Amino acid sequence: SPKIIIAENTDAAERAAAALIEASILAKPASVLGLATGRSMIGVYRALVAAYAESRISFSQVASFNLDEYCGLAPNHPASFAHYMNEHLFDAVDIRRDQAHLPDGNATDAAKSYERAIAEAGGIDLQLLGIGRNGHIGFNEPGSDAATRTRVVELARQTQDANAADFPAGTPVPDHAITMGIATILEARQIVLLATGAAKADAVFAAVNGEVGTHNPASFLRTHSDVTIICDRDAARRL
Ligand code: GLP
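For any residue, its number in the UniProt record's numbering is found by taking its place in the sequence shown, counting from 1, and adding 2.
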């Protein structure tokens, strides 16, 4: 069953997630990281950039694979996950740009080639995850089963609404995205899920204590042997 860490505040939760990534890189400088986006991760990347700036870690041998990306946005669109990763991590550390991967939300064969690239890199050592209010991981919305792999999905209305603030006023949130599947995620050797804020408390409770099933995709993490769930007090308040 997952290891659960309840940090005293949001900042400490973000730093705890960053510390696990730092440990992975220290143990294996050529770590293959699975990365996530979302507001929850901004503080994680801030801590990793600080660790790099203080010369505690280098990303020069690291490869990364992001979980997901919107369909239909240019990579330099300010709300794209590619733009987010450049802004919050890649531009500030020494990762090789050709080793920093995101699925291509605009290419027809992107799903298969992404799975192939992960396999060719040797698989993911540590997968960082956030959680949606409905229990989604990546963009695997409720209904996604344990056998799903990288594919194009339709976004839940709730997810579009939750992410609308990332888009300029008047720009609609895309209704499709490309995401690693549950099976893709569960193949990572280590998984770290970070949940902060009261809006995540129900999803975290269902993931940890509810039935394992498609109604809460994060619940499938309980079938993996090395999962750490890091929460702040608000996200953990129903545990
Ligand atoms: C997004 C992402 C997820 C993320 C989740 C929570 O839409 N696709 O990978 O974990 O929703 O985001 P936030 O951290 O902003 O609450």
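By construction, the Cβ of each residue, glycine as well, lies at the ideal position given by its N, Cα and C atoms. Note that the coordinates shown come from a computational prediction; the quantities given were computed from them, not determined experimentally.
DSSP lists I180 as the bridge partner or partners of E71. The criterion of a C-beta distance shorter than 8 Å is not satisfied by I8 and L130.
Counting only unbroken stretches of 4 or more residues, the alpha helix (DSSP H) elements lying wholly within the segment 171-222 are 184-188 and 203-211, in sequence order. Rounded to the nearest angstrom, the gap between the Cα atoms of G140 and L69 is 5 Å.
Counting only residues whose CB is nearer than 6 Å to a non-hydrogen atom of the ligand GLP, the list in chain order is A38, T39, G40, R41, S42, L69, D70, G132, I133, G134, G140, F141, T161 and N165.
For K114, DSSP assigns no beta-bridge partner whatsoever.
Just so you know, the alpha carbons of L91 and A29 end up roughly 20 Å apart. Setting aside the 5 residues that flank it on each side, Q162 is surrounded in the same chain by V175, each with a C-beta closer than 6 Å to its C-beta; the list follows chain order.
Residue environment analysis places E56 among the exposed positions, since fewer than 16 neighbouring C-beta atoms fall within 10 angstroms of its C-beta. By the C-beta density criterion, N108 is exposed, having fewer than 16 other C-beta atoms within 10 angstroms. Annotation note: the segment 60-106 contains the following uninterrupted beta strand (DSSP E) runs of length 3 or greater, listed N- to C-terminal: 65-68 and 70-72. The distance from the Cβ of V214 to that of A237 is about 20 Å, inconsistent with a contact at the 8 Å cut-off.
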